[in-house]
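Residue numbers (the working numbering): 533 to 799. Don't be surprised by glycine CBs; every beta carbon is placed ideally from N, CA and C.
In structure tokens form, the structure reads like this:
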């Protein structure tokens, strides 16, 4: 650890390597980058979302306290990267289903697992899971709406008692894929960052209010800039999510949406 790194961390920041240059720069909640500059860095793969997505990080993608990552792990995942992983688990039905629900709801990697307390309500079009710890005093569950193509796929799954794969099984699937020649660094938590990054590129006007409401995050005082008379449009987020899932399905040669991949991209 260099002297500059120690000084940066003592002031509440970390330093990360910039790919292709091996330079380091300060990043943190006080990183003074404009939204346009953040988007430019995000597209070039020089910054990425942290594991824990907070409201202020939704406003400024790539900002926030982060841990040390080697330069090889800093490249932003491309749609083809995630689709290649989905294609690699096509023969493992449990992990394939986990991938679809995790991507469709931008969920944490530990939600749709055999050890998680979650339920899928196809009638309401939601997946319900325990609320985040920072929602003290709020509802015990977070209800995340899923796009119609994902719901149609889930409706074909036989057996209502399916509880998802074990966390170890998911972790081993990613470890096997990372051993593939030329495969980028990808982990279970990468899928959520990928979805949010794609949303930011395709529909930046949905940040932060609409995406925050869709994720079920609790707004912090002074962060949500929504006017008093406006309401978050969660279904606008679902409309933006649908082409992302269809693109993933096309690049994975139909591995993601076996039943819902033929629908229109607007539902």
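Item	Value
Own chain, CB closer than 6 Å to residue 695, minus 5 neighbours either side, in chain order	646
Close-in-space but distant-in-sequence residues of the same chain around residue 710 (CB under 8 Å, 5 per side omitted)	717, 718
Close-in-space but distant-in-sequence residues of the same chain around residue 662 (CB under 6 Å, 5 per side omitted)	649
Cut-off 7 Å between Cβ atoms - residues of its own chain near residue 745, not counting five sequence neighbours on either side	764, 766
Three-pair Cβ contact test at 8 Å for the region 769-789 versus the region 617-632	yes
According to DSSP, residues forming a beta bridge with residue 718	For residue 718, which the question treats as bridged, DSSP gives no partner whatsoever.
Three-state class that DSSP yields for residue 737 in the structure shown	helix
Run of the alpha helix (DSSP H) containing residue 774, from where it starts to where it stops	766-783
Contacts around residue 631, its chain only, beta-carbon distance under 6 Å, and the 5 residues preceding and following it disregarded	618
Minimum Cβ-Cβ distance from residue 741 to chain D less than 7 Å	Absent here is chain D; the protein component of the structure consists of one chain.
DSSP-derived helix/strand/coil call for residue 624	coil
The alpha helix (DSSP H) enclosing residue 790, as first and last residue numbers	No alpha helix (DSSP H) contains residue 790, which DSSP labels as neither H nor E.
Exposure of residue 784, with buried meaning 16 or more beta-carbon neighbours within 10 Å	buried
Whether residue 627 touches residue 705 by CB criterion (7 Å)	yes
CB contact flag (residue 659, residue 730, <7 Å)	no
Nearest neighbour of residue 610, chosen from 687, 693, 682, 725 [CA to CA]	725
Whole-number beta carbon distance between residue 791 and residue 738, since they are thought to touch under 8 Å	Not really, about 27 Å apart at Cβ, beyond 8 Å.
Anticipated Cβ contact below 8 Å, residue 641 with residue 748, distance rounded	Not a contact, Cβ separation roughly 16 Å.
Simplified DSSP assignment, three categories, for residue 662	strand
Separation of residue 734 from residue 742, as counted between CA atoms	14 Å
Nearest neighbour of residue 656, chosen from 671, 638, 687 [CA to CA]	687
Range covered by the alpha helix (DSSP H) that runs through residue 682	680-687
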